[in-house]
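There are 2 protein chains.
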Amino acid sequence: MERRGLDEELSRYGRRVARTLESFLERKAHELESVNGWGGDLTERLRQFCTAGKLIRGSLVLLTHDMLSFERTAGVTAPGCEAAAAAYELIHSFLLIHDDIMDRDRLRRGMPSIHYQYQKIVERITGTNGLHEGEGLGICAGDAALFLALELLSCETTAGCGPANTMKILLLWSRELSRVGVAQMQDVFFGTRHKEASEADIMSLYRFKTARYTFSVPFATGSILAGSDTPVTQALLNLGERFGVIYQLVDDRIDLFGEAKKTGKPIGTDLQGKKQTLLHYYLQRFATPEQKRRISEIFRKDRITEEDIAYIRREAVETGAVRRVEEMILKMKKESEKMLNALPVKEEYKRILGEILAHGVTRES
Amino acid sequence: MERRGLDEELSRYGRRVARTLESFLERKAHELESVNGWGGDLTERLRQFCTAGKLIRGSLVLLTHDMLSFERTAGVTAPGCEAAAAAYELIHSFLLIHDDIMDRDRLRRGMPSIHYQYQKIVERITGTNGLHEGEGLGICAGDAALFLALELLSCETTAGCGPANTMKILLLWSRELSRVGVAQMQDVFFGTRHKEASEADIMSLYRFKTARYTFSVPFATGSILAGSDTPVTQALLNLGERFGVIYQLVDDRIDLFGEAKKTGKPIGTDLQGKKQTLLHYYLQRFATPEQKRRISEIFRKDRITEEDIAYIRREAVETGAVRRVEEMILKMKKESEKMLNALPVKEEYKRILGEILAHGVTRES
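Chains P and H supply the protein sequences, listed in that same order.
If you use my numbering, the first sequence closes out at 365, no skipped numbers anywhere.
If you use my numbering, the second sequence closes out at 730, no skipped numbers anywhere.
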């Protein structure tokens, strides 16, 4: 399957997730308007915010479901599955809304972040600085998004797929998401740059904050929805972890070596944002004391220059930090291919997953 | 049943909720420690925070369960019910943690609020102002508390009470809690004092932010756990709403007319905090233009004096605002008693609920 074919495949799933989200949020708008004016307004903001995302996680839920149940259901995905996929996207939005408050990010998915939207509203009405109220309203909006996700799951997925499977999904999500919360705490703390992260610290962040949450959980959710046996779900959790760590490592590489023209965002944001990536970690570990001094200086700077980025790029190659990360990626890619081939699914789906994996490694944006 | 008996009854339930919380959080400490050091630390902070509360909501879940299933189960509450009660208390803590960030409250349940605990940790380590990081860590801690609640529910309540009933509970909670989120948005906005709340606005806040969440949901949860029919659950939702609005109205009265010696907290915090209570609303509505001017002045002041409080007390009586609130309380008490008598439960439990209601009306702290 070609890249173009893969994109189309995933977009097709994405559109189904978007439709489910839209009709659910529209229905809830009427109900929440009866509480107060913020209710209907929130559901509209959430609709715009959720559907502006790539809906990758929801799409992976549906792909995995179809992959494991194709023969049994003749390609017809139950509406309960789409509700679970849409619910997971709402949870993803909940996390992004809260993350943007912590990072004070004003832009997300090509639009003002949710708390910043509220900050602007408060400022327009009161004429005073609305940062604190904007953050407060953003916390509430994130919380409400999460409860909307749980309603969608408990109502529509239960109706379509039965309470027992739905409960398994809730158990999976809640276990994984308390870990995401704890990993995010580590990330907030590392943002103060008062403790150097160890290799194990960074890998734990990659596993729990990104990899399992982005790939393992959607895979496992699709697997539960398809009624798979536990060992299959477990195999997909493990496979997802590797997909996700590769994804994060490639992300770090693109952030330093990418071309703004292709990525559509500035280069060196990890340096500027003082993110403790594995690439930065190896760079410091492999550097000579002389290099290390200059690197540390750059890491501490408030404003990173083009020259700083060029220096870090050069040293990342020269010290062997980039090679080390590349080796990790290739090792995990090989492990993933082996795991992928052992899955009890049709060749067609192995090819799709292989494409997702290959694209994850070679992508430039 | 005497007041002393009621206290003992509720404390007995509270201890069971506390034990369930403690053993669950202890078990999770080991697992979350494997993510990073914040994990085990968080579970211990949550244990202290949750068990320092009065655990009223969890106790009401168990009381209602026993009330509706006493004859069938001979007074033995299934462990799955205790897990649901403990999960609801964890959700309550999640909401308090986020509320304290929005209100910048540093004290809760006789200890530093969670985000303030983290702020202090960050400040000790970095030597710089840790307000923003403390708030970020608090948001994560709240989120994690919620997912721990969902795990407790999906794992232990499902095991004890079956997935179908557990899903009904999740549906109830998620529907009610997205309303709480939207009501809280209104509250955050009213905190800016740039819009006068209408009577309907305030009643909506009382219903959705306090009453249903504090009484209706615990009642309905216990009812679902006992396997009651939908009309019984619905009757309890309605009864809980009245209990809760009375509770809030009495709270407002105590805040203005209480004795610090009895309440253990300063008088007039609603005035100081610019809270739009129904008492303040009637006070302004019934006041003459002359009174209204002085009242508005006091509401806008940064620091409320003893004299201001004395003036507001006097005018609240003189304008008839207090009488109006008292009449509402008595009307709702009568309605509640009628609803209570129609419940299909033993006299013993009607007496207990009647005691809770009577205490709610006459309490002075």
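All residues carry an ideal CB built from backbone N, CA and C; glycine is no exception.
Note that this is a predicted model, so its numbers are computed, not measured.
Contacts around residue i, its chain only, beta-carbon distance under 6 angstroms, and the 5 residues preceding and following it disregarded
i, result
"G142 of chain P", "F94, I97, H98"
"S730 of chain H", "K627, T628"
"M432 of chain H", "V710, Y714"
"T579 of chain H", "G609"
"M339 of chain P", "L239"
Proximal chain H residues relative to residue i, where beta-carbon distance stays under 7 angstroms
i, result
"Q186 of chain P", "N401, W403"
"C140 of chain P", "G546, Q549, M550, V553"
"F147 of chain P", "S539, L542, S543, G546"
"V122 of chain P", "T557"
"T126 of chain P", "T557, H559"
Beta carbon proximity, residue i to chain H, threshold 8 angstroms
i, result
"T166 of chain P", "yes"
"H65 of chain P", "no"
"P218 of chain P", "no"
"G258 of chain P", "no"
"I304 of chain P", "no"
"R175 of chain P", "yes"
"D143 of chain P", "yes"
"G136 of chain P", "yes"
"I246 of chain P", "no"
"S198 of chain P", "no"
"V17 of chain P", "no"
CB contact check: residue i to chain P, cutoff 8 angstroms
i, result
"H559 of chain H", "yes"
"M697 of chain H", "no"
"R474 of chain H", "no"
"L515 of chain H", "yes"
"E367 of chain H", "With a pLDDT of 49 at E367 of chain H, under the threshold of 50, the modelled position of this residue cannot be trusted; read the value that follows with caution. No, E367 of chain H lies away from the interface with chain P (no Cβ there is under 8 angstroms from its Cβ)."
"L614 of chain H", "no"
"C446 of chain H", "no"
"F573 of chain H", "yes"
"H463 of chain H", "yes"
"S569 of chain H", "yes"
7 angstroms CB neighbourhood of residue i in its chain, flanking five on each side removed
i, result
"T598 of chain H", "A585, S588, I589"
"S174 of chain P", "none"
"M1 of chain P", "Confidence in M1 of chain P is poor, its pLDDT being 44 and thus under 50, which makes the residue's placement unreliable; the coordinate value appears in the next sentence. Hits under 7 angstroms: R351, I352, E355."
"G725 of chain H", "F608, I611, Y612, V615"
"M328 of chain P", "L249"
Burial state of residue i, where buried means 16 or more other Cβ atoms lie within 10 Å
i, result
"D667 of chain H", "exposed"
"T51 of chain P", "buried"
"S388 of chain H", "exposed"
"T429 of chain H", "buried"
"A514 of chain H", "buried"
"K630 of chain H", "exposed"
"H92 of chain P", "buried"
"H480 of chain H", "buried"
"E454 of chain H", "buried"
Neighbouring residues, chain H, relative to residue i (Cβ below 9 angstroms)
i, result
"E133 of chain P", "M467, V553, F554, G556, T557"
"P163 of chain P", "T523, G527, P528, A529, N530, T531, M532, K533"
"D105 of chain P", "By Cβ distance, chain H contributes nothing, its closest Cβ being about 12 angstroms from D105 of chain P, past 9 angstroms."
Beta-carbon neighbours of residue i, restricted to chain H and to distances below 8 angstroms
i, result
"P231 of chain P", "Those within 8 angstroms of P231 of chain P in chain H number zero; the least Cβ separation is about 20 angstroms."
"C50 of chain P", "Chain H residues near C50 of chain P: none, gap ~15 angstroms exceeds 8 angstroms."
"L32 of chain P", "S543, R544, V547"
Neighbour list for residue i in chain P, Cβ cutoff strictly below 7 angstroms
i, result
"H480 of chain H", "Simply none; closest approach about 11 angstroms."
"L536 of chain H", "E151, S154, C155"
Own chain partners of residue i with C-beta closer than 8 angstroms, once the 5 adjacent residues on each side are dropped
i, result
"I738 of chain H", "Residue 738 of chain H lies beyond the range of chain H shown here (366 to 730); nothing can be said about it."
"S569 of chain H", "A548, Q551"
"G110 of chain P", "A52"
"G405 of chain H", "A394, H395, L397, E398"
"E733 of chain H", "Because residue 733 of chain H is not part of the residues shown, which for chain H are 366 to 730, the question remains open."
"A260 of chain P", "P266, I267"
"R380 of chain H", "none"
Neighbour list for residue i in chain P, Cβ cutoff strictly below 9 angstroms
i, result
"T586 of chain H", "The contacting residues do not exist; T586 of chain H stays about 14 angstroms from chain P at best."
Within chain P, partners of residue i - CB distance below 8 angstroms
i, result
"L602 of chain H", "Residues of chain P passing the Cβ test: none, with the nearest at roughly 15 angstroms."
Legend entry - Segment contact flag, the region 176 to 188 of chain P with the region 390 to 409 of chain H, C-beta cutoff 8 angstroms, min 3 pairs: yes
Legend entry - Any 3 or more C-beta pairs closer than 8 angstroms across the region 327 to 339 of chain P and the region 235 to 250 of chain P: yes
Inset, instruction - Assess, as a yes-or-no matter, whether the region 278 to 293 of chain P is touched by the region 316 to 326 of chain P under the definition of 3 or more beta carbon pairs within less than 8 angstroms. - result: yes
Inset, instruction - Would you be able to state if there are at least three C-beta pairs under 8 angstroms between the region 422 to 433 of chain H and the region 370 to 388 of chain H? - result: yes
Inset, instruction - Taking 8 angstroms as the threshold, find out whether the region 490 to 510 of chain H comes into contact with the region 465 to 473 of chain H through three or more Cβ pairs. - result: yes
Legend entry - Touching by the beta-carbon criterion (3+ pairs, under 8 angstroms), the region 159 to 170 of chain P and the region 78 to 86 of chain P: yes
Inset, instruction - Could you tell me whether the region 676 to 683 of chain H touches the region 718 to 725 of chain H, where touching means 3 or more Cβ pairs closer than 8 angstroms? - result: no
Inset, instruction - Count the C-beta pairs between the region 181 to 193 of chain P and the region 19 to 28 of chain P that are closer than 8 angstroms, then say yes if the count reaches three, no if not. - result: no
Inset, instruction - Mind the definition here: the region 163 to 171 of chain P touches the region 139 to 155 of chain P only if three or more C-beta pairs lie below 8 angstroms; say whether that holds. - result: yes
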